[in-house]
Amino acid sequence: MTAENGFYLQPLNPSTPCHLVRIALPAQTNLYPEFSVGKHRLTIRFLTPNYFGAGKSTQAQGSTPFQLACCKI
Numbered sequence: 001m002t003a004e005n006g007f008y009l010q011p012l013n014p015s016t017p018c019h020l021v022r023i024a025l026p027a028q029t030n031l032y033p034e035f036s037v038g039k040h041r042l043t044i045r046f047l048t049p050n051y052f053g054a055g056k057s058t059q060a061q062g063s064t065p066f067q068l069a070c071c072k073i
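Set out below in structure tokens:
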């Protein structure tokens with residue numbers, strides 16, 4: 001999967017709920033995911049960490065490859 005400009009949206013089927021979301025990024029990626037999962041959709045923003053506390057983390061630019069698994073328990 002690929003997030004364009006640090007954002008990914010996937011519709012979900014409400015009749016097959018997603019209980020656990022697993023996201024994997026390449027080891028050299030200097031990003032972290034911020035995600036929200038609801039009954040109808042999954043959204044992920046990939047952010048660049050702010051290590052020194054001078055302002056907020058910023059959303060990634062360009063394409064971000066990642067792996068996604070929605071698991072049922």
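Per the working numbering, residue 1 is the first one in the sequence shown, and the count goes up by one each step. Note that CB positions come from ideal geometry on N, CA and C, so glycine has one too.
Query raised in the report: Is it buried or exposed for tyrosine 162, if we count other Cβ within 10 angstroms and need 16 for buried?
Result: As shown, the chain starts at 1 and ends at 73. That puts residue 162 outside it, with no answer to give.
Report task. Specify, as a first and last residue, the run of the beta strand (DSSP E) that glutamine 10 falls within. Result -> Element bounds for glutamine 10: 7-11.
Requested in this report: For leucine 20, count neighbouring Cβ atoms within 10 angstroms of its own Cβ and tell me buried if that reaches 16, exposed if not.
Outcome: exposed
Requested in this report: Give the secondary structure of phenylalanine 35 by DSSP, where H, G and I count as helix, E and B as strand, and everything else as coil.
Outcome: strand
Query - Own chain residues within Cβ distance below 6 Å of glutamine 67, not counting five before or after - result: The residues are Ala24.
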